[in-house]
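2 protein chains.
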Amino acid sequence: MPMFEIFETFITAQGDFTEEDLRLLRSHTTVKKIRRKEFLLQEGEICRYKIFVAKGLLKTYVVRHDGVEHILRFSPENSWATDHESMKTQTPTRINIEALENTEVILWTRESLDESCKTVPAFQTYMGRLMENALRITHERVLINLSYTTEEKYEDFITSFPDVFNRVPLHMVASYLGVSRETLSRIRHARIKQ
Amino acid sequence: MPMFEIFETFITAQGDFTEEDLRLLRSHTTVKKIRRKEFLLQEGEICRYKIFVAKGLLKTYVVRHDGVEHILRFSPENSWATDHESMKTQTPTRINIEALENTEVILWTRESLDESCKTVPAFQTYMGRLMENALRITHERVLINLSYTTEEKYEDFITSFPDVFNRVPLHMVASYLGVSRETLSRIRHARIKQ
DNA sequence: CGATTCTTTGAAAACAGTCAATCTGTGTGG
DNA sequence: CCACACAGATTGACTGTTTTCAAAGAATCG
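Below, the structure written as structure tokens:
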């Protein structure tokens, strides 16, 4: 399926979009294919795009002073990635967005995103819901960080993101959960034996 | 200063509000005084209000099955509290909102909030910014949870929320950070000796 | 195959949680 | 004013978990 049609199928399920809406959205975006290990955003840059993943998988992460990576988010197909703050305030980002697989994305610049929201009200509504969801999920993640044991976090990840779980190496799950790869390996081992 | 005027002063600094806007907002809200240890929301209820704190201090927290409390947020004056999800979907909440001091609040119901957004565009704009900020702060908190040592989390709390820090007992800071009160006590002790 | 990348394992050390006892400060009522 | 209760903070001893480091074992890819 052509890349933009994937997006059309997705967005049509999220709200009431007319043919004209879809045409407008298409005119505001560019599509891009990137290969595994390529970056869509790197620390120090100003974030230029809001990214829709039509196919493939992205990881959003920060690198600490000592070189340790912390994964903030995985974005598989039909999900989004960006640094909202850097894009909005035009300040350098601390985050990196990298493809874990060969990936096809649809890109909005700040201007074209504004334009899309202005000319396609259903898109603006969807963007609002997207932000609400992001906030809900992030709140949930804070709560999980505070109150779950490492085993529970691991369980939760598997059930919450099964599609991601079986496409990424274990050490990235560990990075997402905030534990060492060794610990997660041992937890998985103990779990399997049950 | 009368309670609603505190809100007027605050909101006027956040956007362009006319006298008429402020009159409309006032007509959509109710004000309330609650005493220390009283609740504005309890687990199992459906959240009825979006809360602006004009004076005092609220804590938002969940209670785990084993009775352990996890504080999600402190809301001192000029900040907000609610369970957005429960309010939007009219489902029972898992969270509690309790006053840590005698507190004065301004309340919007779901209907009056919609009405305020519809009739006062500057208010809707502000609500959008409020959500963006909430998301930014929550993302930052996830990152802190993942990458900071307990000492660093404690430091960060002091500098990020100095006003809250010196109004709440240490064990609540511990609950917010996700460590035991004993550990935080020892960390503080070690810190003071430097 | 050779080179990465990823995972596992063991042992030691660092860290945090738990439990129990004590200490401190605050405010209340007699 | 004192005694007491109460909430909060601290401390020590112990336990349990996680990290770290080092080495070795799979698995994958060009």
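In order, the protein sequences belong to chains A and B.
Just so it is clear: in the first sequence, position 191 is 191 by this note's numbering, and no numbers are missing.
So the mapping is simple: this note's numbering equals the position in the second sequence, first residue as 1, plus 1000.
Here a beta-carbon is modelled for each residue, glycine too, at the ideal position from N, C-alpha and C.
- Secondary structure at Asn-1145 (chain B): helix, using DSSP grouped into helix, strand and coil.
- Taking 9 Å as the upper bound on Cβ-Cβ separation, chain A lies near residues Gly-1128, Met-1131, Glu-1132, Ala-1134, Leu-1135, Arg-1136, Thr-1138, His-1139, Arg-1141, Val-1142, Leu-1143, Asn-1145, Leu-1146, Ser-1147 of the region 1124-1157 of chain B.
- Fewer than three beta-carbon pairs drawn from the region 131-141 of chain A and the region 24-32 of chain A are found closer than 8 Å, and the two stretches are therefore not classed as touching.
- Pairing Gly-1178 (chain B) with Asn-145 (chain A) gives a Cβ-Cβ distance under 8 Å.
- If only complete runs of 3 or more residues are kept, the region 62-112 of chain A shows the beta strand (DSSP E) at 69-76, 79-81, 95-99, 103-108, in order along the chain.
- Take the alpha-carbon of Glu-85 (chain A) and the one of Ile-187 (chain A): they are about 36 Å apart.
- Leu-57 (chain A) is a Cβ neighbour of Glu-101 (chain A), given a cutoff of 8 Å.
- Residue B:Glu-1104 holds the alpha-carbon nearest to the alpha-carbon of Arg-1036 (chain B) among B:Gly-1128, B:Glu-1104, B:Glu-1019, B:Glu-1045.
- For Val-31 (chain A), the enclosing beta strand (DSSP E) begins and ends at 30-34.
- His-189 (chain A) and Leu-170 (chain A) have their C-alpha atoms some 12 Å from each other.
- Under a criterion of Cβ atoms nearer than 8 Å, no residue of chain B is adjacent to Gly-67 (chain A); the nearest Cβ is some 12 Å distant.
- Along the length of the region 1156-1181 of chain B, whole alpha helix (DSSP H) runs at least 4 residues long occupy 1162-1165, 1170-1177, reported in chain order.
- Around the beta-carbon of Asn-1166 (chain B), fewer than 16 other beta-carbon atoms lie within 10 Å, marking it exposed.
- Within the same chain, Cβ atoms closer than 7 Å to the Cβ of Ser-112 (chain A) are found at His-28, Thr-29, the five residues on either side in sequence being excluded.
- For Ala-54 (chain A), the three-state secondary structure derived from DSSP is strand.
- Between Leu-1072 (chain B) and chain A, the shortest Cβ-Cβ separation is below 8 Å.
- Here the region 1008-1019 of chain B lies against the region 1124-1132 of chain B, with 3 or more beta-carbon pairs under 8 Å apart.
- Cβ-Cβ separation between Glu-1069 (chain B) and Ser-1175 (chain B): approximately 6 Å, consistent with a contact (criterion under 8 Å).
- Secondary-structure assignment with DSSP links Leu-1041 (chain B) through a beta bridge to B:Ile-1097.
- Boundaries of the alpha helix (DSSP H) around Ile-6 (chain A): 3-12.
- With contacts defined as CB atoms closer than 8 Å, Phe-1004 (chain B) and Arg-1026 (chain B) qualify as a contacting pair.
- Residue-level contact check: Arg-1064 (chain B) touches chain A, since one or more beta carbons of chain A fall below 8 Å from its beta carbon.
- Chain-ordered, the chain A residues with CB closer than 7 Å to the CB of Glu-1085 (chain B) read Arg-136.
- By the CB criterion at 8 Å, Phe-1074 (chain B) and Val-1164 (chain B) fall inside the cutoff.
- Interface annotation, Gly-56 (chain A): not in contact with chain B, CB-CB separation never under 8 Å.
- Check the Cα spacing between Ile-1006 (chain B) and each of B:Thr-1183, B:Glu-1155, B:Ile-1106: the tightest is with B:Ile-1106.
- Among the residues facing chain B, Gly-15 (chain A) is not included, as its CB has no counterpart in that chain under 8 Å away.
- Its chain contains Val-120, Ala-122, Phe-123 as the residues whose beta carbon lies nearer than 8 Å to that of Asp-21 (chain A), once the 5 sequence neighbours on both sides are disregarded; these appear in chain order.
- Beta-bridge partners assigned by DSSP to Lys-59 (chain A): A:Phe-74, A:Glu-98.
- For Asn-78 (chain A), the closest C-alpha among the options A:Ala-54, A:Glu-38, A:Pro-92 is that of A:Ala-54.
- Approximately 5 Å separates the beta-carbon atoms of Leu-72 (chain A) and Thr-60 (chain A); this is inside 8 Å, confirming the contact.
- At a cut-off of 8 Å, the C-beta of Gly-1178 (chain B) has a neighbouring C-beta in chain A.
- Contact between Asn-1096 (chain B) and Glu-1043 (chain B) holds, since their C-beta atoms are separated by about 6 Å, short of 8 Å.
- With contacts defined as CB atoms closer than 8 Å, Thr-1149 (chain B) and Thr-1183 (chain B) fail to qualify as a contacting pair.
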